[in-house]
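Engineer:
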Amino acid sequence: MMEQKQKKTKNAFKTLKRLLKYVTSTYKLQFVVVCISIIVSAIASVLGVQFIKYLIDDIITPLIGNGNPDYSNLLQAIIIMAVIYILGIVGTYLYNRLMINISQGVLKRIRTEMFHHMQTLPIKYFDSHPHGETMSTYTNDVDTLRQMISQSIPQVFSCAISMIAILFAMFATDIYMTLFVLVMVAIMVLVSKFFAKRSSKNFIAQQKNLSIVDRIYRRNDGRTKSC
Amino acid sequence: MIKKLSKFIGQYKKDSILTPIFVIFEVIMEVIIPYLMAKIIDVGVQNGDLNYIFKIGAILVVSAFLSLTFGMLSGRFAAKASSGFAKNLRKGMFYNIQNYSFTNIDKFSTSSLVTRLTTDVTNVQMAFQMIIRILVRAPIMLIFALAMAFSINSRLALIFVCTMPILAVALFFIATKAHPYFEKVFRKYDVLNRVVGENLNAIRVVKAYNREEHEEKKFEEVNSKVYDLFKKAEKIVAFNGPAMQLTIYTCILLLSWIGAKMIVGGSMQAGELSSIITYAWQILSSLMMLSFVFVMIIIAQSSAERIIEVLDEESTIKNKENPVMEVKDGSIKFENVSFQYDDAKAEDELPLEDINIDIKSGETIGIIGATGSSKSTIVNLIPRLYDVTKGSIKVGGIDVRDYDIETLRNEVAVVLQKNVLFSGTIKENLKWGNKEASDEEIVRVCKLAQADGFIQEFPDKYDTILDQGGTNVSGGQKQRICIARALLKKPKILILDDSTSAVDTKTDALIRKAFREEIPNTTKIIIAQRITSVEDADRIIVLDDGKINGIGTSEELLKTNEIYKEVYESQKKGDEDDGTKTEEN
Chain A
1 MMEQKQKKTK
11 NAFKTLKRLL
21 KYVTSTYKLQ
31 FVVVCISIIV
41 SAIASVLGVQ
51 FIKYLIDDII
61 TPLIGNGNPD
71 YSNLLQAIII
81 MAVIYILGIV
91 GTYLYNRLMI
101 NISQGVLKRI
111 RTEMFHHMQT
121 LPIKYFDSHP
131 HGETMSTYTN
141 DVDTLRQMIS
151 QSIPQVFSCA
161 ISMIAILFAM
171 FATDIYMTLF
181 VLVMVAIMVL
191 VSKFFAKRSS
201 KNFIAQQKNL
211 SIVDRIYRRN
221 DGRTKSC
Chain B
1 MIKKLSKFIG
11 QYKKDSILTP
21 IFVIFEVIME
31 VIIPYLMAKI
41 IDVGVQNGDL
51 NYIFKIGAIL
61 VVSAFLSLTF
71 GMLSGRFAAK
81 ASSGFAKNLR
91 KGMFYNIQNY
101 SFTNIDKFST
111 SSLVTRLTTD
121 VTNVQMAFQM
131 IIRILVRAPI
141 MLIFALAMAF
151 SINSRLALIF
161 VCTMPILAVA
171 LFFIATKAHP
181 YFEKVFRKYD
191 VLNRVVGENL
201 NAIRVVKAYN
211 REEHEEKKFE
221 EVNSKVYDLF
231 KKAEKIVAFN
241 GPAMQLTIYT
251 CILLLSWIGA
261 KMIVGGSMQA
271 GELSSIITYA
281 WQILSSLMML
291 SFVFVMIIIA
301 QSSAERIIEV
311 LDEESTIKNK
321 ENPVMEVKDG
331 SIKFENVSFQ
341 YDDAKAEDEL
351 PLEDINIDIK
361 SGETIGIIGA
371 TGSSKSTIVN
381 LIPRLYDVTK
391 GSIKVGGIDV
401 RDYDIETLRN
411 EVAVVLQKNV
421 LFSGTIKENL
431 KWGNKEASDE
441 EIVRVCKLAQ
451 ADGFIQEFPD
461 KYDTILDQGG
471 TNVSGGQKQR
481 ICIARALLKK
491 PKILILDDST
501 SAVDTKTDAL
511 IRKAFREEIP
521 NTTKIIIAQR
531 ITSVEDADRI
541 IVLDDGKING
551 IGTSEELLKT
561 NEIYKEVYES
571 QKKGDEDDGT
581 KTEEN
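Note that the protein sequences, when read in sequence, are chains A and B. Going by the numbering used here, the first sequence opens with residue 1, and the numbers climb by one from there. Going by the numbering used here, the second sequence opens with residue 1, and the numbers climb by one from there.
(1) Residues of the segment 126-148 of chain A with a CB closer than 7 angstroms to any CB of chain B: list them in chain order, please.
(2) Is it the case that the Cβ atoms of isoleucine 317 of chain B and aspartate 399 of chain B are separated by a distance below 7 angstroms?
(3) In this structure, what does DSSP give as the bridge partners for phenylalanine 334 of chain B?
(4) Compare the C-alpha of tyrosine 95 of chain A against each of B:Ile9, B:Asn240, B:Phe108 and B:Leu167 and name the closest.
(5) Leaving out the 5 sequence neighbours to the left and right, which residues in its chain are closer than 8 angstroms to phenylalanine 34 of chain A when beta-carbon positions are compared?
(6) Could you pull out every residue in the same chain whose Cβ sits closer than 8 angstroms to the Cβ of glycine 222 of chain A, ignoring the five residues on either side in sequence?
(7) Under the three-state reduction of DSSP, which class applies to aspartate 329 of chain B: helix, strand or coil?
(8) Flag asparagine 585 of chain B as yes if its beta-carbon sits less than 7 angstroms from any beta-carbon of chain A, otherwise no.
(9) Can you tell me the Cα-Cα spacing of arginine 194 of chain B and isoleucine 283 of chain B, whole angstroms?
(10) Excluding five sequence neighbours on each side, which residues of the same chain lie with their C-beta closer than 7 angstroms to the C-beta of alanine 280 of chain B?
(11) Mark methionine 2 of chain A as exposed unless 16 or more other C-beta atoms lie within 10 angstroms of its C-beta, in which case mark it buried.
(12) Could you spell out the range, first to last residue, of the alpha helix (DSSP H) harbouring arginine 401 of chain B?
(13) Can you tell which of B:Val293, B:Ala514 and B:Thr522 has its C-alpha closest to the C-alpha of glutamine 151 of chain A?
(14) Hey, quick one: how far does the beta strand (DSSP E) through leucine 543 of chain B stretch, first residue to last?
(15) Thinking C-beta only, is glutamate 363 of chain B closer than 7 angstroms to threonine 523 of chain B?
(16) Using the beta-carbon count (16 or more within 10 Å), is methionine 247 of chain A buried or exposed?
(17) Using alpha carbons as the reference points, say which of B:Glu441, B:Lys4 and B:Arg480 lies closest to glutamine 450 of chain B.
(18) By the criterion of Cβ-Cβ separation under 9 angstroms, what are the contact partners of threonine 115 of chain B in chain A?
(19) Does lysine 108 of chain A have its Cβ less than 7 angstroms from a Cβ in chain B?
(20) Within 7 angstroms (strictly less), CB to CB, does aspartate 190 of chain B reach chain A?
(21) Please return the same chain residues whose Cβ sits closer than 7 angstroms to the Cβ of isoleucine 166 of chain A, not counting the five positions on each side in sequence.
(22) Quick check on cysteine 482 of chain B: buried or exposed, where buried means 16 or more other Cβ atoms within 10 Å of its Cβ?
(23) Have a look at B:Ile455, B:Asp460, B:Ile355 and B:Val412 and flag the residue whose alpha-carbon is nearest the alpha-carbon of alanine 494 of chain B.
(24) Run through DSSP, which three-state label would asparagine 96 of chain A get?
(25) Tell me whether serine 226 of chain A is buried or exposed, calling it buried when 16 or more other Cβ atoms sit within 10 Å of its Cβ.
(26) Provide the residue span of the alpha helix (DSSP H) that contains lysine 559 of chain B, from first to last.
(27) Are any of the Cβ atoms in chain B nearer than 7 angstroms to that of asparagine 271 of chain A?
(28) Cβ atoms of threonine 122 of chain B and aspartate 190 of chain B: under 7 angstroms apart, would you say?
(29) Quick check: is the beta carbon of valine 264 of chain B nearer than 7 angstroms to any beta carbon in chain A?
(30) Exposed or buried, what is methionine 126 of chain B when buried is set at 16 or more other beta-carbons lying within 10 Å of its beta-carbon?
(31) How long is the line joining the alpha carbons of serine 67 of chain B and serine 286 of chain B, rounded to whole angstroms?
(32) Hey, how far is the Cα of isoleucine 110 of chain A from the Cα of lysine 21 of chain A?
(33) Let's see if you can read the secondary structure: which residues bound the beta strand (DSSP E) around alanine 413 of chain B?
(34) Is it buried or exposed, asparagine 356 of chain B, if we count other Cβ atoms within 10 angstroms and call 16 or more buried?
(35) Would you mind telling me which residues of chain A sit closer than 8 angstroms to glycine 241 of chain B, beta carbon to beta carbon, in chain order?
(36) I need the straight-line Cα distance from glycine 10 of chain B to isoleucine 17 of chain B, nearest angstrom please.
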């Protein structure tokens with residue numbers, strides 16, 4: 001049981017690695033740009049939070065009580081921030097846009113390779129695998145991959161960057177407090193891992209069932225036509 | 001559209017309502033937590049009141065726990081509600097498809113129906129789950145954050161009110177632009193499915209003729225189209241995130257500028273500015289969630305429309321009111337029958353034109369004609385697989401359109417040339433004809449169809465398992481099993497549409513002999529390419545270009561009909577050359 005589980009996680013990693021290879025191999029340059037854009041976008045949003053603190057402590061507070069306030073510092077800070085925000089927005093657009101090229105390109109390639117591979121399979125394969133099952137790999141399973149590539153991968157990356165940036169900020173503020181939060185986060189991760197495992201099991205079952213629906217439909221379609 | 005689909009929530013209504021309720025509870029808890037934290041700091045820490053800190057701290061832990069529980073519960077109910085909803089949708093579609101006539105199925109195409117039942121339903125299911133969870137959560141968060149922002153400083157909060165409509169317009173624009181592309185994507189998905197499906201079904205032919213490359217080229221064409229369309233659609237959607245960020249960043253900068261002046265002017269506290277900006281971030285995150293759901297809904301909208309098309313499609317062939325429930329005998333009468341397919345153009349030739357035939361009950365009729373002379377079309381009209389365009393067909397003296405469809409089809413059995421067997425045992429396949437058939441009955445019809453012999457030679461006899469599509473029996477054997485299956489229905493009319501094409505001439509003759517002797521009262525219509533299959537029929541119809549060219553016995557036709565004579569002579573000569581034909585395939 002334990003071994004099986006380990007093998008499964010190992011396989012999952014293998015699949016993920018293979019998928020990532022698809023993403024990185026054909027679109028190396030674009031992928032690098034996507035990574036940079038995600039970093040820019042994530043840092044811009046973290047800086048955005050830090051900016052408020054700086055704005056209040058270092059710019060606004062000294063101005064309070066000043067009868068004839070000089071707003072040029074404030075204006076300067078806001079302009080700098082605007083530039084950072086614009087960079088962030090450009091970054092977001094760029095990675096969303098390039099990710100479309102990559103994800104759709106990868107999906108197209110996967111479909112092509114799948115079809116090509118299907119042509120080389122022996123007849124025995126087609127006799128022993130229901131047609132519905134094969135068909136739903138082209139649509140349902142590839143569709144799920146689309147969500148994974150275009151949403152999950154960049155999201156994971158973007159969150160990781162923000163996390164690191166925020167962590168730095170937190171350590172800079174208070175080390176002990178940060179350590180306490182990290183312990184709590186660890187507990188949270190364990191809990192969600194437990195649920196994720198259960199839900200992925202059910203999700204696989206759902207994909208399987210869909211292929212059965214497909215099969216039943218094809219079967220029944222035959223009946224409406226023949227008898 | 002929503003009204004039509006919501007009907008399918010059915011027994012999952014409870015779950016669909018519980019989900020948003022728990023979502024609301026979850027949000028309330030999440031909102032209480034920062035408030036409690038502020039209390040601990042502002043009241044507890046400032047006054048050094050340890051008791052107070054512990055008391056509020058305890059409430060804090062309970063709230064956090066409750067929030068987690070509510071979150072889990074809402075997720076659970078949402079999953080149940082959405083997958084239940086999808087199940088009901090598929091069921092509804094499937095049931096309606098069962099009522100479809102051939103015309104209906106031609107209209108959608110099989111592959112499109114498959115995509116609609118799977119991909120489209122999944123899209124709607126995802127969107128439904130999002131709607132009952134995120135679409136409840138995000139607006140509540142949004143309203144709450146807005147309300148808090150207003151309570152802190154209503155003048156500053158007005159900035160939100162000004163920028164939101166701009167965002168709404170942008171989102172609306174994105175949606176209306178992207179929707180048609182998604183629609184097209186799904187139509188291409190149908191084609192993709194069709195190419196894969198065709199390839200799967202015809203894999204033997206593809207391999208035999210080395211057509212792999214050609215198939216791949218065909219696939220590549222659709223594949224590229226799907227790629228192009230998806231890219232176009234997603235390119236538009238890609239503006240979603242940046243538009244959102246642009247709005248919220250503009251808000252923050254405006255807040256900072258105006259807020260700073262207000263603070264310096266003394267009309268606001270520095271702490272208030274920082275919390276109003278915190279709420280701005282909360283608004284941003286709920287807007288982000290909304291935009292995510294929004295994209296899902298755009299995609300699901302196209303899918304939902306496709307689902308509704310399937311649900312709303314009414315069968316072109318329906319029971320009349322008070323249909324006739326009994327077929328008296330096997331007589332068939334064609335009166336001035338003309339037929340045209342629905343999708344044909346006006347100038348197209350009619351597949352059948354002005355057909356008049358009178359067939360007595362128990363008669364054996366042969367139909368021959370070149371490929372494309374509408375032999376199959378003529379028999380498809382009898383069990384109402386298609387309806388006539390003009391004229392009428394009477395079975396047992398009553399117009400076929402007056403019968404209950406099930407009654408009619410039970411009495412008219414059609415065996416197609418390319419017939420379908422299902423994975424399962426031979427016996428299970430035969431029982432499609434009649435669920436209650438006894439073993440003796442099954443053996444009897446198999447003997448009639450000359451199938452008993454080879455079935456008995458299988459090690460598992462009638463329990464031999466057939467592969468999908470019956471690939472482990474020969475073409476001729478498959479045809480004989482299909483004939484037996486039709487016989488099990490004990491029909492009054494039996495139509496063999498070129499269904500002994502792969503059976504050798506000797507066995508073919510034995511089958512006809514058995515028909516003549518064992519089921520003399522059943523009307524038999526035999527369509528064939530082979531002249532020997534129809535030669536001994538009571539009457540033979542020669543079809544040419546959708547018209548009757550001649551009717552009569554073989555002898556009569558040999559004297560009067562040119563086409564028949566020509567076919568007869570060419571085939572008889574061929575037969576003499578190679579003696580008895582061996583089984584094909």
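Beta carbons are placed, not taken as given, at the ideal position from N, Cα and C, and that holds for glycine.
Structural biologist: So, from the data block:
(1) Residues Phe126, Asp127, Pro130, His131, Thr134, Met135, Ser136, Tyr138, Thr139, Asn140 and Asp143.
(2) Position 317 of the second sequence, counting from 1, holds the residue named residue 317 of chain B. Position 399 of the second sequence, counting from 1, holds the residue named residue 399 of chain B. No.
(3) For the purposes of this step, residue 334 of chain B is taken as residue 334 along the second sequence, with counting starting at 1. Phenylalanine 334 of chain B pairs with B:Ile357 and B:Ile393.
(4) In the first sequence, counting from the first residue as 1, residue 95 of chain A sits at position 95. The candidate whose alpha carbon is nearest that of tyrosine 95 of chain A is B:Asn240.
(5) For the purposes of this step, residue 34 of chain A is identified with residue 34 of the first sequence, where counting begins at 1. Strictly speaking, residue 34 of chain A in this sequence is valine, with phenylalanine absent from that position. Counting only Cβ-Cβ distances below 8 angstroms, and skipping sequence neighbours, we find Leu94, Tyr95, Leu98, Met99, Ile102 and Pro154.
(6) Position 222 of the first sequence, counted from the first residue, corresponds to residue 222 of chain A. Bear in mind that the predicted position of glycine 222 of chain A carries a pLDDT of just 39, short of 50, making it too unreliable to give a figure here.
(7) Locating residue 329 of chain B in the second sequence gives position 329, counting from the first residue. Note: aspartate 329 of chain B maps to coil in three-state DSSP.
(8) In the second sequence, residue 585 of chain B corresponds to position 585, counting from 1. Annotation note: pLDDT 39 at asparagine 585 of chain B (below 50); position unreliable, coordinate value reported separately. Output row for asparagine 585 of chain B: interface = no.
(9) Position 194 of the second sequence, counted from the first residue, corresponds to residue 194 of chain B. Position 283 of the second sequence, counted from the first residue, corresponds to residue 283 of chain B. Note on geometry: alpha-carbon atoms of arginine 194 of chain B and isoleucine 283 of chain B lie some 45 angstroms from one another.
(10) For this step, residue 280 of chain B is matched to residue 280 along the second sequence. Correct list, in chain order: Ile248, Cys251, Ile252 and Leu255.
(11) Stepping through the first sequence from its first residue, residue 2 of chain A is reached at position 2. Legend: pLDDT at methionine 2 of chain A = 49, less than 50; position of this residue unreliable, no value from coordinates given.
(12) The sequence position of residue 401 of chain B within the second sequence is 401, counting from 1. That residue, arginine 401 of chain B, is in no alpha helix (DSSP H); it is neither H nor E in DSSP.
(13) If you number the first sequence from 1, residue 151 of chain A lands on position 151. If we check each option's Cα against that of glutamine 151 of chain A, B:Val293 comes out closest.
(14) Locating residue 543 of chain B in the second sequence gives position 543, where the first residue counts as 1. Run containing leucine 543 of chain B: 539-544, per the beta strand (DSSP E) assignment.
(15) Here residue 523 of chain B corresponds to residue number 523 of the second sequence, with the count starting at 1. Here residue 363 of chain B corresponds to residue number 363 of the second sequence, with the count starting at 1. Yes. Within cutoff.
(16) No answer is possible for residue 247 of chain A: it lies beyond the span of chain A, which begins at 1 and ends at 227.
(17) Taking the first residue of the second sequence as 1, we reach residue 450 of chain B at position 450. When each option's Cα is compared against that of glutamine 450 of chain B, the closest is B:Arg480.
(18) Here the question's residue 115 of chain B lines up with position 115 in the second sequence. Within chain A, the residues near threonine 115 of chain B are Thr139.
(19) Reading the first sequence from its first residue, position 108 is the one you call residue 108 of chain A. At a cut-off of 7 angstroms, the C-beta of lysine 108 of chain A has a neighbouring C-beta in chain B.
(20) The residue given as residue 190 of chain B occupies position 190 in the second sequence. Using beta-carbon distances, aspartate 190 of chain B does not count as an interface residue toward chain A, since no partner is under 7 angstroms.
(21) On the first sequence, position 166 is the one that residue 166 of chain A refers to. Within the same chain, isoleucine 166 of chain A has close Cβ partners Val46.
(22) Walking along the second sequence from the start, residue 482 of chain B turns up at place 482. It is buried - the Cβ of cysteine 482 of chain B has at least 16 other Cβ atoms within 10 Å.
(23) As a first step, residue 494 of chain B must be located in the second sequence, where it is residue number 494. Residue identity differs from the one stated: residue 494 of chain B is leucine in this sequence, not alanine. Ranking B:Ile455, B:Asp460, B:Ile355 and B:Val412 by Cα distance to leucine 494 of chain B puts B:Val412 first.
(24) The residue you call residue 96 of chain A lines up with position 96 of the first sequence. Here asparagine 96 of chain A sits in helix by DSSP.
(25) Against the first sequence, residue 226 of chain A aligns to sequence position 226. Annotation note: pLDDT 33 at serine 226 of chain A (below 50); position unreliable, no value reported.
(26) Locating residue 559 of chain B in the second sequence gives position 559, counting from the first residue. Note, lysine 559 of chain B: alpha helix (DSSP H), 554-560.
(27) Only positions 1 to 227 of chain A appear in this structure, which leaves residue 271 of chain A out of reach.
(28) One-based indexing of the second sequence puts residue 190 of chain B at position 190. One-based indexing of the second sequence puts residue 122 of chain B at position 122. In this structure, threonine 122 of chain B does not lie closer than 7 angstroms to aspartate 190 of chain B by Cβ.
(29) Translated into the one-based positions of the second sequence, residue 264 of chain B becomes position 264. Yes - at least one Cβ of chain A is within 7 angstroms of the one on valine 264 of chain B.
(30) The residue you call residue 126 of chain B lines up with position 126 of the second sequence. Flag for methionine 126 of chain B reads buried.
(31) Indexing the second sequence from 1 puts residue 67 of chain B at position 67. Indexing the second sequence from 1 puts residue 286 of chain B at position 286. Approximately 17 angstroms, taken between the alpha carbons.
(32) Residue mapping note: residue 110 of chain A aligns to position 110 of the first sequence, counting from 1. Residue mapping note: residue 21 of chain A aligns to position 21 of the first sequence, counting from 1. Each residue's alpha carbon lies about 12 angstroms from the other.
(33) By 1-based counting over the second sequence, the position of residue 413 of chain B is 413. From DSSP, the beta strand (DSSP E) with alanine 413 of chain B extends over 412-415.
(34) Numbered from 1 along the second sequence, position 356 holds the residue referred to as residue 356 of chain B. By the 10 Å Cβ count, asparagine 356 of chain B comes out exposed.
(35) Numbered from its first residue, the second sequence carries residue 241 of chain B at position 241. Chain A residues near glycine 241 of chain B: Thr92, Tyr93 and Asn96.
(36) Counted from its first residue, the second sequence places residue 10 of chain B at position 10. Counted from its first residue, the second sequence places residue 17 of chain B at position 17. In a straight line, the C-alpha of glycine 10 of chain B is about 12 angstroms away from that of isoleucine 17 of chain B.
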